[in-house]
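Letter by letter, the sequence shown follows residues 10 to 249 in the UniProt record's numbering. Beneath this line is the structure, given in structure tokens, with notes to follow.
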Amino acid sequence: EGGSETHLVQLASVGQIAAGIAHEVKNPLTAVRGFLQLLQEEHNQEYLKIAQSELNNALMTIENLLQVSKPDLDNEPFQLIKIAVELESLISLFQDQMYRVSIEKRLLDGDVTIYGKRNQIKKALFNLLKNAFEAIPGQGTVKVEHYVEQDYVVIIIEDTGVGISQQKLSMLGTPFFTTKVDGTGMGLTQVYSVVHEHKGFIEVHSSENRGTAFIIKLPKESNREYAGVTNLNVEYEDDQ
Ligand code: ADP
Ligand code: MG
């Protein structure tokens, strides 16, 4: 039975992340080893093709992983981002869902800004919204809210969807963790990575059969302080 209590969790540990990657790369590589073994015994074009295709799968997995774990790869400059503006435009991308899901917006219409990588932040917010809509099987509500709390901009994306079991909560953020038939399990990994890069925090509250709330806190930056600064990448060192 789904618990009615709300859980607060930390996202995936390094160990879980490593396990997720290892699992995803191990399968194709094991297949490659098997087919190389067969090739040693018998020259067969088919074996060669399978080995090549499995090797490609492993490389693609690693490529996907690098893209989310190293959002800096494209070296996007930091800039001022108006959160309300971005949220409004992202929400409008889900227009085709509005016949079944109603949107409740509580957005500050002022100039609340964060300083960050705009495309990466947009991608993260999009991933959270997409998950919220996907969590609702029929009719429901997605609530999008943001406010300022001390030095942080708090963004809440909440749905009335299926919720997440306590056991699965600890898997969130692990690369390739998905419960969807066509899921990639890379969405939250991207979110986690970007929020971390921006020195922010994530909280998840979920309750099975009731819904889930993702709470993102990103450092607020004042216009004045950063006016004229075009790139602060130097402040973000790689702590891997
Ligand atoms: P994907 O959406 O491709 O499955 P994600 O990394 O975005 O990958 O999400 C991983 C898993 O976390 C989902 O498969 C789902 O089980 C769970 N999840 C994420 N967001 C929600 C949500 N809002 N409600 C319920 N489950 C969620
Ligand atoms: Mg997703």
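All C-beta atoms in this analysis are idealised placements derived from N, C-alpha and C, irrespective of residue type, glycine included. The structure presented is a predicted model; accordingly, all values stated were derived computationally and were not measured.
Cross-strand partners of residue i (DSSP beta bridge)
| i | result |
| --- | --- |
| phenylalanine 186 | In DSSP, phenylalanine 186 forms no bridge with anything. |
| proline 228 | Tyr161 |
| lysine 132 | According to DSSP, which records beta bridges pairwise, lysine 132 is partnered with nothing at all. |
| alanine 31 | Partner(s): none; alanine 31 has no beta bridge. |
| leucine 89 | Tyr124 |
| threonine 221 | Asp168, Ser215 |
| glutamate 95 | Paired residue(s): none; glutamate 95 is not in a bridge. |
| histidine 155 | Ile164 |
| serine 111 | Thr150 |
| phenylalanine 210 | Lys226 |
Close beta carbons around residue i, own chain, < 8 Å, minus the five adjacent residues each side
| i | result |
| --- | --- |
| aspartate 118 | Ala93 |
| glutamate 193 | One detail in the question is off: residue 193 reads as threonine in this sequence, not glutamate. These residues qualify, in order along the chain: Asn73, Phe185, Thr187. |
| proline 146 | Gly170, Val171 |
| alanine 40 | Ile59, Ala60, Glu63 |
| asparagine 242 | Low per-residue confidence applies at asparagine 242: pLDDT is 34, beneath 50, and the placement is therefore not dependable enough to give any value. |
| phenylalanine 44 | Tyr56, Leu57, Ile59, Ala60, Glu63 |
| asparagine 232 | Confidence at asparagine 232 is low in this model, with a pLDDT of 39, below 50, so its placement is unreliable and no value can be given for it. |
| arginine 127 | Glu85, Gln88, Ile90, Glu95 |
Residue of the options minimising C-alpha distance to residue i
| i | options | result |
| --- | --- | --- |
| glycine 172 | Arg127, Glu212, Glu143, Arg219 | Arg219 |
| lysine 131 | Glu167, Leu89, Glu158, Tyr156 | Leu89 |
| serine 22 | Leu137, Leu96, Thr198, Leu68 | Thr198 |
| proline 37 | Met180, Glu50, Leu48, Thr70 | Thr70 |
| leucine 68 | Met180, Tyr108, Lys35, Gln176 | Lys35 |
| asparagine 66 | Gln54, Lys91, His32, Glu50 | His32 |
| phenylalanine 210 | Glu158, Glu50, Lys91 | Glu158 |
Cβ shell of residue i (< 7 Å), same chain only, five flanking positions each side left out
| i | result |
| --- | --- |
| phenylalanine 142 | Phe103, Gln106, Val110, Val151 |
| glycine 29 | Thr183, Pro184, Phe185, Phe186 |
| asparagine 140 | Gly196 |
| isoleucine 26 | Thr183, Pro184 |
| leucine 96 | Leu116, Leu134, Val153, His155 |
| tyrosine 245 | Annotation note: pLDDT 32 at tyrosine 245 (below 50); position unreliable, no value reported. |
| glycine 24 | none |
Close-in-space but distant-in-sequence residues of the same chain around residue i (CB under 6 Å, 5 per side omitted)
| i | result |
| --- | --- |
| glutamate 154 | Arg115, Ile165 |
| tyrosine 156 | Val163 |
| histidine 207 | Gly125, Leu227 |
Distance CB(residue i)-CB(residue j) smaller than 7 Å
| i | j | result |
| --- | --- | --- |
| aspartate 168 | alanine 133 | no |
| valine 203 | glutamine 148 | no |
| aspartate 160 | lysine 229 | yes |
| serine 174 | glutamate 113 | no |
| valine 200 | asparagine 136 | yes |
| leucine 99 | leucine 138 | yes |
Neighbourhood of the ligand MG [Cβ distance below 5 Å to any heavy atom], ordered by chain position:
Asn140, Gly196
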